[in-house]
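Chemist:
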Amino acid sequence: MLKKQKYIIIGVIIIAVIGSVYYQNKKKTDAAKLSKSTTVQRGDLKETLILSGEVKSSENTTLHFQTSGKLATLQFKEGDIVKKGQLVASLDQRDLKKRLTKELNDYKATRWDFDQGIDNVKDKAITTAMQRTIDKTQFSLDNAVLDVEIQSISIEFSNLFSPIQGLVVSRGNFQPGMNITAADSIVEIVNPDSLYFEVTADQTEVTQITSGMIGQLTLDAYTSEIIPGTITHVGFSPSKDESGTVYAVDLQFNNSSNQNLRYRLGMTGDVEFVLKEKQNTLFVPSEYLKSDDNGEYVSVMRSGKLENIYVTKGLETDTSTEILKGINEGEVVYD
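Next comes the structure, spelled out in structure tokens:
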């Protein structure tokens, strides 16, 4: 009898232990299910669009001679500042100037022939033959004038003047005495004050931005610096050099701090545009929102029980969603 009672007591103890273990494991499981949670917060939400691009210049030029010849002077090297209208390079003009002198002499001779012809028929009745002679002399005189002007243009073409003020960013490997052709690029000049930032937007993004919109530019070279800028142009036709359908968007930023040339052509970065903004509103991380056939809901502990509360959402950002109706500030929602 005592032995039987002993077995009963042992069985009860075993059941109690099993029950305790099950209860503890269940508590741990339930706790694990509710381990990921967050609090409904109130604050500001922004829907943003981030586009990437690079620094470009609206004032730049690559200079070529319009004629061939021997290089006489090359005034500037890479890094030099050039003023608008300043002489950059010139070809040997000795032959051209001698040709111009010859053309001027020919003009003078033709002019004298013309004047002499006029004097010869002065106070005489002009016959048809005489008029033809006068006309031919006039044609020769006109051609002599054109020859002088053409030769003057040739001399003008042998000089390169900068059409803009800017910085010499590259120079061909040329030295005085080398033969130059019209295809040779002599110097490239860029105006540092004309820098702007160009981003590309695909066909869904370009519909969300307009001229005059403010953006915050962050260059990869200066990640701690935020540069405000304004959209000045949104392309109407897609960029031809891109693989997809994308549009060029120009952002003008302040170049006043670029006196020491901190911003340079080709620098890459990102521009953030605020598309929509809500202030002092309720929101939760978007990952806590779930949905079923009845709508979207969050899981909230109420009266000690986990409930699915259906909500009305508003503004959505990349990470958070505005809650217009259904839950209150400070409530804890569970994943």
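Residue numbers for the sequence shown follow our numbering, so the first one is 6 and each next one is one higher. Where is the CB? At the ideal position from N, CA and C, for every residue including glycine.
#1: Between the C-alpha atoms of Tyr112 and Gly171, what's the straight-line distance to the nearest angstrom?
#2: Go to Leu151, then tell me how far its alpha helix (DSSP H) extends in each direction, as first and last residue.
#3: Could you name the residues that DSSP lists as bridge partners for Ser325?
#4: Could you check the C-alpha separation between Lys311 and Ser248 for me, to the nearest Å?
#5: Are the CB atoms of Thr53 and Val239 nearer to each other than 8 Å?
#6: Go to Ala253, then tell me how far its beta strand (DSSP E) extends in each direction, as first and last residue.
#7: Can you list the beta strand (DSSP E) stretches of 3 or more residues lying completely in the stretch 195–241, in chain order?
#8: So, does the stretch 193–202 touch the stretch 115–133, judging by three or more C-beta pairs under 8 Å?
#9: Within 10 angstroms of its Cβ, does Tyr12 collect 16 or more other Cβ (buried), or is it exposed?
#10: Which of the three DSSP states is assigned to Gly274 in this structure?
#11: Just how far apart, CA to CA, sit Thr235 and Val174?
#12: Which class does Asn30 belong to by DSSP, given the choice of helix, strand or coil?
#13: Taking the Cβ atom as the reference point for each residue, do Ala187 and Thr72 lie within a distance shorter than 8 Å?
#14: Leaving out five residues on either side along the sequence, give the residues of the same chain with a beta carbon under 7 Å from the beta carbon of Leu146.
#15: Taking all protein chains shown into account, decide if Gln156 is buried (16 or more other Cβ within 10 angstroms of its Cβ) or exposed.
#16: Quickly, what does DSSP pair Met306 with across the bridge? List them, please.
#17: Measure the C-alpha to C-alpha separation of Met272 and Thr43 and round it to an integer number of angstroms.
#18: Can you tell me whether DSSP reads Glu108 as helix, strand or coil?
#19: State the Cα-Cα distance for the pair Thr66 and Gln91, rounded to the nearest angstrom.
#20: Can you tell me which of the three DSSP states Phe179 falls into?
Modeler: Reading from the atomic positions:
#1: For the pair Tyr112 and Gly171, the Cα-to-Cα distance works out to about 41 Å.
#2: From DSSP, the alpha helix (DSSP H) with Leu151 extends over Thr133 to Phe162.
#3: Residue pairing for Ser325: DSSP places it in a beta bridge opposite Pro290.
#4: Note that residue 311 is Leu in the sequence shown, not Lys. C-alpha of Leu311 to C-alpha of Ser248: approximately 51 Å in a straight line.
#5: Their beta carbons are not under 8 Å apart, which means Thr53 does not touch Val239 by this criterion.
#6: Per DSSP, the continuous beta strand (DSSP E) segment holding Ala253 begins and ends at Val251 to Phe258.
#7: Taken in chain order, the complete beta strand (DSSP E) segments of 3 residues or longer contained in the stretch 195–241 are 200–207, 219–224 and 232–239.
#8: Segments in contact, no.
#9: Confidence is the limiting factor: at Tyr12 the pLDDT is only 49, short of 50, which leaves the residue's position unreliable and the question unanswerable from this model.
#10: Taken through DSSP and simplified to helix, strand or coil, Gly274 comes out as strand.
#11: Spanning the two alpha carbons is a distance of roughly 27 Å.
#12: Reliability of the predicted coordinates at Asn30 is poor, the pLDDT of 49 falling under 50, and the value obtained from them is presented with this limitation in mind. The answer is helix: DSSP assigns Asn30 an H, G or I state.
#13: Taking a C-beta distance under 8 Å as the contact criterion, Ala187 and Thr72 qualify as a contact pair.
#14: Answer for Leu146: Thr115, Arg116 and Phe119, listed in chain order.
#15: Burial check for Gln156: the Cβ neighbour count within 10 Å reaches 16 or more, so the residue is buried.
#16: Note: Met306 is bridge-paired with Leu311 in the DSSP secondary-structure output.
#17: Rounded to the nearest angstrom, the two C-alpha atoms are 40 Å apart.
#18: Here Glu108 sits in helix by DSSP.
#19: Cα to Cα, Thr66 sits roughly 14 Å from Gln91.
#20: Phe179 falls in the coil class under three-state DSSP.
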